[in-house]
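End of the sequence shown sits at 383 in this note's numbering; the numbers just go up one at a time, nothing left out.
Note that CB positions come from ideal geometry on N, CA and C, so glycine has one too.
Notes follow once the structure below has been shown.
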Amino acid sequence: MIRQITPLQALERLRNLCARSEQCEHDLREKMRRWKISADAAEKIIARLRKERFVDNSRFAHAYTRDKHLFSHWGRLKITSGLRAKRIDSNLISDALSEEIDEDAYRATALRLLRNKIPSVDEPKSYEGLNKLFRYAVGRGYEPAMVMQLLKSHELWDDGQR
């Protein structure tokens, strides 16, 4: 059970949290709701954190996009979905995706994901095998058209997989 804390205690806790890692306003509001901070007090705390530059949704969107692409190897669709779930403005999402994801690196990451998945698929060039590879990459958030293009390309199959 989460005990109720004062708005001043909440402000300090959130400052410490934001100093350690990027946070979005939605997540902070959710924390304050669980701490039973009134909506009015929560908005004042968010405004203060924004003013003190502890929280910035644009900065969060860039960090989230960069981290999910580089470390989790997510595609644009899954990153976009994650940011929308955190109620980030669509313009901020577009900016973060265009600035943080290099097109060549994005394609290379998708290709590497598919290559790494091939050994775990029985008969990867069969209909069922290609379907498993397709669903795997699309499930990771890559665009279906790009995945199909990669599955048809010689790039994927040229390293002895043919």
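Interface flag, residue i vs chain B, CB-CB below 9 Å
i	result
Glu-349	The structure shown has no chain B; it contains just one protein chain.
Environment of residue i [buried if 16+ CB atoms lie within 10 Å]
i	result
Gln-382	Note that Gln-382 scores a pLDDT of 45, beneath 50, so its modelled location is shaky; the value from the coordinates is reported in the next line. Exposed is the call here.
Residue i to residue j span [Cα, whole Å]
i	j	result
Ser-347	Ala-358	17 Å
Arg-271	Trp-378	50 Å
Ala-326	Arg-287	12 Å
Glu-364	Glu-246	28 Å
Reduced DSSP category for residue i - H, G, I as helix; E, B as strand; rest coil
i	result
Trp-295	coil
His-247	helix
Thr-227	coil
Asp-310	coil
Tyr-363	coil
Beta-carbon proximity of residue i to residue j, cut-off 9 Å
i	j	result
Ala-282	Ile-314	yes
Met-253	Leu-238	no
Lys-299	Gly-362	yes
Arg-305	Leu-371	no
N- and C-terminal bounds of the alpha helix (DSSP H) containing residue i
i	result
Gly-360	348-360
Arg-333	324-338
Lys-257	Per DSSP, Lys-257 belongs to no alpha helix (DSSP H) and is neither H nor E.
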